[in-house]
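As they're listed, the protein sequences go chains A and B. Just so you know, we're using my numbering here: the first sequence kicks off at 173 and counts up by one. Just so you know, we're using my numbering here: the second sequence kicks off at 173 and counts up by one. One structure below.
Number of protein chains: 2
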Amino acid sequence: MSRELTIALVGASGVVGAEFLRTMEERETPVKELRLLATSRSAGQTRRFRGEELTIEETTPAAFEGADVAFISASTAASQELCPIARDAGAVAFDDSSAFRQAPGVPLVVPEVNGVDLRDHAGIIATPNCSTVPLVLALWPLMAERTIRRVIADTYQSTSGAGTAAMAELTDQIGALMDERPVVIENFPKQIAFNAIPQVDVFQEDGYTKEEWKMLVESRKILHQPALPLSATCVRIPTLVSHAIAVHVDFDAPLAAAEARALWGGQAGLTVVDDPVNGGYPTPLDCAAQDAVFVGRARQDVSSPNGLAFWCVTDNLRKGAALNIVQMVEWMLEDGCL
Amino acid sequence: MSRELTIALVGASGVVGAEFLRTMEERETPVKELRLLATSRSAGQTRRFRGEELTIEETTPAAFEGADVAFISASTAASQELCPIARDAGAVAFDDSSAFRQAPGVPLVVPEVNGVDLRDHAGIIATPNCSTVPLVLALWPLMAERTIRRVIADTYQSTSGAGTAAMAELTDQIGALMDERPVVIENFPKQIAFNAIPQVDVFQEDGYTKEEWKMLVESRKILHQPALPLSATCVRIPTLVSHAIAVHVDFDAPLAAAEARALWGGQAGLTVVDDPVNGGYPTPLDCAAQDAVFVGRARQDVSSPNGLAFWCVTDNLRKGAALNIVQMVEWMLEDGCL
Numbered sequence: 173m174s175r176e177l178t179i180a181l182v183g184a185s186g187v188v189g190a191e192f193l194r195t196m197e198e199r200e201t202p203v204k205e206l207r208l209l210a211t212s213r214s215a216g217q218t219r220r221f222r223g224e225e226l227t228i229e230e231t232t233p234a235a236f237e238g239a240d241v242a243f244i245s246a247s248t249a250a251s252q253e254l255c256p257i258a259r260d261a262g263a264v265a266f267d268d269s270s271a272f273r274q275a276p277g278v279p280l281v282v283p284e285v286n287g288v289d290l291r292d293h294a295g296i297i298a299t300p301n302c303s304t305v306p307l308v309l310a311l312w313p314l315m316a317e318r319t320i321r322r323v324i325a326d327t328y329q330s331t332s333g334a335g336t337a338a339m340a341e342l343t344d345q346i347g348a349l350m351d352e353r354p355v356v357i358e359n360f361p362k363q364i365a366f367n368a369i370p371q372v373d374v375f376q377e378d379g380y381t382k383e384e385w386k387m388l389v390e391s392r393k394i395l396h397q398p399a400l401p402l403s404a405t406c407v408r409i410p411t412l413v414s415h416a417i418a419v420h421v422d423f424d425a426p427l428a429a430a431e432a433r434a435l436w437g438g439q440a441g442l443t444v445v446d447d448p449v450n451g452g453y454p455t456p457l458d459c460a461a462q463d464a465v466f467v468g469r470a471r472q473d474v475s476s477p478n479g480l481a482f483w484c485v486t487d488n489l490r491k492g493a494a495l496n497i498v499q500m501v502e503w504m505l506e507d508g509c510l
Numbered sequence: 173m174s175r176e177l178t179i180a181l182v183g184a185s186g187v188v189g190a191e192f193l194r195t196m197e198e199r200e201t202p203v204k205e206l207r208l209l210a211t212s213r214s215a216g217q218t219r220r221f222r223g224e225e226l227t228i229e230e231t232t233p234a235a236f237e238g239a240d241v242a243f244i245s246a247s248t249a250a251s252q253e254l255c256p257i258a259r260d261a262g263a264v265a266f267d268d269s270s271a272f273r274q275a276p277g278v279p280l281v282v283p284e285v286n287g288v289d290l291r292d293h294a295g296i297i298a299t300p301n302c303s304t305v306p307l308v309l310a311l312w313p314l315m316a317e318r319t320i321r322r323v324i325a326d327t328y329q330s331t332s333g334a335g336t337a338a339m340a341e342l343t344d345q346i347g348a349l350m351d352e353r354p355v356v357i358e359n360f361p362k363q364i365a366f367n368a369i370p371q372v373d374v375f376q377e378d379g380y381t382k383e384e385w386k387m388l389v390e391s392r393k394i395l396h397q398p399a400l401p402l403s404a405t406c407v408r409i410p411t412l413v414s415h416a417i418a419v420h421v422d423f424d425a426p427l428a429a430a431e432a433r434a435l436w437g438g439q440a441g442l443t444v445v446d447d448p449v450n451g452g453y454p455t456p457l458d459c460a461a462q463d464a465v466f467v468g469r470a471r472q473d474v475s476s477p478n479g480l481a482f483w484c485v486t487d488n489l490r491k492g493a494a495l496n497i498v499q500m501v502e503w504m505l506e507d508g509c510l
C-alpha cells in the first residue's frame, strides 16, 4: 500500500464530507494531494486535514484532472453530472448517491461482503444507501450457514441521513416549541420534532418509498441474490445520528440466536452487543461516532419456525457513507486493482 | 342508557386519569357520582369535571363501596391489589394494567372487535396494552375476508406510554442537553432524548420483552386466534404522545391494498389516511388528541405473495387506554349487561 492518491472530495462542506476528513486521518489513508470541493456557496471556507488548513474550492471539471479517485457526496443530481466527468478525467469516482447504484457495470459494494466486485468497474463505483449497509453486513455472515427466504426490515432513521440542514431543523423545531415560536418545516414532509415520519425519499407507484425500494434492490445486488424477497418500512425519527433497523429474517432451516451471535462474532465490521437483561443492546446514541455495525436482540422470530429477529444500529455517516468508501479504497489498494 | 353510574377512578392524577375525565365529558358518560382516587402523594389535589372541582382522595377499600364501576389505571402492583377489592365491593373493575389480561374469566376487549366477550365476566375486565389496541383494530376488519397466517409488528412508542414522569424526562433531557447540563435517566433504561430504545418493559428468557409478549398473547385472546403467529419488536422513541406500528401481515390469499382500505373504511373506530404522495399518512403528532386508530401506507408486502404492509398510529392515552375503557362501559350499557 505504498501508492499515494490524489483525491478530489466533492461535498467537502457537508456532514459526510467532515466524516471523510476524519476517517482518512484516523485510518491513515495514503493521500498525496487532497482537493476539497463544494458548490460556490461553500467555496472559500476552510477545513483542517492532518494539521493543514485546506480551502474549499468550487467544483469544476478541471478539479478532477490528475485525480486518482473522487469521493462524491452531494445531491443525486450532482452525482449524475460529476461522476462521468471525474471518470472521463481518469479518476475512479466513488459515489455516495443513488444515481448509479443500479447501473450495470457499476459495482455496489460493502467491502466485507462483496469486495471482489470492486475488481470489475468502469470508472464509477457506488456505495450503498446508509440503511442498506448495516442490513447486508448483518445478513452476510448468516448466509454462510443458511439460505435466506425472506427479510422484513423496519427502520428508525436519524435526521443526519438528510444532511446538516435537516439535523438543524430538528433542533431548531425543538427550540421553537420550547420558546413557543412557530415551527418551520423545510427538510422533511412534516414536523420531525416529537414525531415519526413514515416517509424517507419520495413515493413510488407501488406505495413504497424510494428509500424502501433501495433497501430491496441494493441488498439483492450486494448479496448476489437477485430474487431476494425483502420488504421495508423506512421511518424518520427525531434522532441526530445513527440508523437502527428491526429485522425479521426467514431461513431455509432454523438458526438459533446463539448460532447467529457466533457467526456475527466472526464477521469483520460487526460488533455483537447482546446481553439485554443488563442493558446490552445497541441504541443510536451508543453507536454514534463508532465505525462498526452493531447487532443485538437476537431471538427466534416466534412467528416463523425458521425465523430470526434482531436489531441493528450503525452510524449512518460513517459505515453508512464515508467509512465504507474509504474502506473500498483500502480494499482496492490491498488487492492491487486501484 | 338511562342508568347513571357511580364511578371510582383510580389514578386520577395521572396522564391517563386526565384522559378519563376528558373522555367522559366529551362522550357524556352517564355519571351519577365520580370519585377521584390516587396515592396519598396526590390526595388533596383537585381536578375539574363538568364544571365541578373534585378533590382527589387516597385510595382505600371503602372508596369502592357502592361504586358501579371502577377504572383502575395505576401500577400493575396497584391493580393486583385493588381490582379484587373493587370487585368484592360490588363494582365492575376495568383495569388498564397487564395484571389480569391473561387470566381465565377476565374479558380482554376492544369493543369494536370482541365486545361480545364483555357479557361473560366475573367482576374484572381488562383493557389491552396500548400497542395491542391499534394492531387488533386494524387487523380485525381484514379477517372478515382473509385468514391471517402471520403478523410482524415493529413499534414506535411514545414516552407517555410510561407515564407523566417519563414524558417530562424526555423534555428535561432535551433541556439539559441544550444547556449543557448532565442528563438524568430515571424512567427509561437509557437516555431517550435523541435516541431509540429497543426495550419497553422487562426482558423475558426468550429474548422478547414483556411488551412484545403482550402484543402476541393479547392479540391472540382478543382476536380469538389462540395460535396466531406474531412477532413484535417494541421500541421507545423520543415522542410525547401516540404509538405507531409498522405492520407486515400474511394472509391465506392475496389482499389488494385497495381492498384493505375498503375494509378499513367500513370499520368503526378506524380512520384511513392513505394518499402518501400528497402527505396523506398518519404520524404520531397528527393522531395525538384524536380518538380513532389511523391506518395508512397500505401496499402489497413485496416479500410475500399473500402479504400486506401498512402503518398504523393511535393516541396511546385515548384509544390505547381511557377511551377504550369508556367505550366498554358504553357497549355494556347499550347491551344491558352492566
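We put the CB at the ideal spot given by N, CA and C, even for glycine. Quick caveat: nothing in here was measured; it's all calculated off a predicted structure.
- The beta-bridge partner set that DSSP reports for residue 205 of chain B consists of B:178.
- Residue contact with chain A for residue 332 of chain B: absent (no Cβ-Cβ distance below 8 angstroms to any residue of chain A).
- Judged by DSSP in its simplified three-state form, residue 260 of chain B adopts helix.
- Only residues of its own chain outside the window of five on either side were considered, and among them 204, 205, 238, 239 and 240 have a CB closer than 7 angstroms to the CB of residue 178 of chain A, listed in chain order.
- Not flagged as an interface residue toward chain A: residue 293 of chain B, since no C-beta distance is shorter than 8 angstroms.
- If you look at residue 479 of chain A, you'll find it in the beta strand (DSSP E) that goes 479-486.
- What residue 449 of chain A touches in chain B, judged by beta-carbon distance under 7 angstroms, is 375, going in chain order.
- Of the residues assessed, residue 232 of chain B falls on the exposed side of the cut-off, its CB having fewer than 16 other CB atoms within 10 angstroms.
- Of B:303, B:246, B:188 and B:285, the smallest CA-CA separation from residue 395 of chain B is found for B:285.
- When 8 angstroms is used as the limit between beta carbons, residue 322 of chain A is near these residues of chain B: 475 and 476, in chain order.
- Taking CB atoms only, residue 283 of chain A has no neighbour in chain B less than 8 angstroms away.
- When the beta-carbon positions are compared, residue 495 of chain A and residue 195 of chain A come within less than 8 angstroms of each other.
- Interface criterion not met: the Cβ of residue 462 of chain B is under 8 angstroms from no Cβ in chain A.
- Sequence-ordered contacts of the stretch 483-506 of chain B with chain A read 483 [C-beta pairs closer than 8 angstroms].
- Only those residues of the stretch 343-369 of chain A whose C-beta falls short of 7 angstroms from the nearest C-beta of chain B are listed: 346, 361, 362, 363, 366, 367, 368 and 369.
- In terms of Cβ geometry, residue 214 of chain B and residue 228 of chain B form a close pair [threshold 8 angstroms].
- In this structure, the beta-carbon distance from residue 282 of chain B to residue 308 of chain B falls below 8 angstroms.
- The bridge partners DSSP lists for residue 408 of chain B are B:329 and B:369.
- Put simply, the backbone Cα of residue 186 of chain B is about 23 angstroms away from that of residue 350 of chain A.
- Selection A:409, A:439, A:473 and A:277 evaluated against residue 292 of chain A yields A:277 as nearest (Cα-Cα).
- Selection B:453, B:455, B:367 and B:295 evaluated against residue 260 of chain B yields B:295 as nearest (Cα-Cα).
- Between the alpha carbons of residue 470 of chain A and residue 382 of chain B lies a gap of roughly 15 angstroms.
- Within the stretch 402-461 of chain B, the runs of alpha helix (DSSP H) at least 4 residues long that lie entirely inside it are, in chain order, 429-437 and 456-459.
- Assignment of residue 278 of chain A by DSSP, reduced to helix, strand and coil, places it in the coil class.
- For residue 396 of chain B, no chain A residue has a Cβ inside 7 angstroms of its Cβ, as the nearest lies near 18 angstroms away.
- In terms of CA proximity to residue 359 of chain A, A:339 leads the group A:352, A:339 and A:377.
- Where residue 237 of chain A is concerned, there is no enclosing beta strand (DSSP E), because DSSP gives it neither an H nor an E.
- Taken in chain order, the complete alpha helix (DSSP H) segments of 4 residues or longer contained in the stretch 332-359 of chain B are 336-350.
- The beta carbon of residue 386 of chain B sits closer than 7 angstroms to the beta carbons of 270, 301 and 304 from its chain, once the five residues preceding and following it are set aside; these are given in chain order.
- Annotated as proximal: residue 457 of chain A and residue 366 of chain B, with beta-carbon spacing under 8 angstroms.
- In terms of beta-carbon proximity, residue 416 of chain B lines the interface with chain A, with at least one pair separated by less than 8 angstroms.
- Listed along chain B is no residue with a C-beta nearer than 9 angstroms to that of residue 430 of chain A; the closest approach is about 10 angstroms.
- Only buried fits residue 473 of chain B, as 16 or more other CB atoms lie within 10 angstroms of its CB.
- Within the same chain, and ignoring the five residues on either side of residue 333 of chain A in sequence, the residues whose Cβ sits closer than 6 angstroms to its Cβ are 302 and 488.
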